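Colleague: Residue numbers (my numbering): 21 to 136.
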Amino acid sequence: MIFFWAFVIGGLISVIGQLMMDVLKMPPAYMTTTLVVIGAVLGGLGWYEPLIRFAGAGASVPITSFGYALVNGALAEAERHGLIGVVTGMFEITSAGISSAIVFSFLAALVFRPKG
21 MIFFWAFVIG
31 GLISVIGQLM
41 MDVLKMPPAY
51 MTTTLVVIGA
61 VLGGLGWYEP
71 LIRFAGAGAS
81 VPITSFGYAL
91 VNGALAEAER
101 HGLIGVVTGM
111 FEITSAGISS
121 AIVFSFLAAL
131 VFRPKG
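Given below as structure tokens:
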């Protein structure tokens, strides 16, 4: 049953993103940013954690989970280190994802020789 709910929730997040581009005529960058902010707000309100527990990868894989991870890391470090923890916590939690995106983008650019 977990696979069903992961599919439904992940698909729903994807449909919301697609509707933002098709109906609201949002460029992909704005849509992505909006979904990250929505994930951050839901994480700050404490609503994204139950969604992850319910849907598993359906909620933890889409771009909204990046916003959740930023806020989750910031709040966890803020409890330990105060205001400076807000800044360091965001990057501590998401650094692996950001680093791998940079490395793999660089490798893809070497392999496929982009134009421009």
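Each residue gets a CB set at the ideal place from its N, CA and C atoms; glycine is no exception. Since the model is a prediction, treat every value here as computed from it, not as a measurement.
Quick one: which unbroken alpha helix (DSSP H) runs of 4-plus residues sit fully inside the region 35–81? Chain order, please.
Modeller: Segments of the alpha helix (DSSP H) lying fully in the region 35–81: 48–65, 68–75 and 77–80.
Colleague: Applying the criterion that 16 or more other CB atoms from any shown protein chain within 10 Å of the CB defines a buried residue, is M110 buried or exposed?
Modeller: By the 10 Å Cβ count, M110 comes out buried.
Colleague: How about I58: is its C-beta nearer than 8 Å to some C-beta of chain D?
Modeller: In the displayed structure, chain D is absent; only one protein chain is listed.
Colleague: Is there contact between the region 47–59 and the region 76–87, where contact requires at least three CB pairs shorter than 8 Å?
Modeller: The region 47–59 is in contact with the region 76–87.
Colleague: When burial is assigned at 16 or more other CB atoms within 10 Å of the CB, is E99 buried or exposed?
Modeller: E99 comes out exposed.
Colleague: Hey, could you find the ends of the alpha helix (DSSP H) R133 is sitting in?
Modeller: First-last for R133: undefined, no H or E at that position.
Colleague: Under DSSP, the alpha helix (DSSP H) around G93 begins and ends at which residues?
Modeller: T84 to H101 is the extent of the alpha helix (DSSP H) around G93.
Colleague: DSSP three-state label for M21, please.
Modeller: If DSSP states are grouped into helix, strand and coil, M21 belongs with coil.
Colleague: On a Cα-Cα basis, can you pick out the residue from S120, K135, G37 and V91 that is closest to P82?
Modeller: Residue G37 is the option with its Cα nearest to P82.
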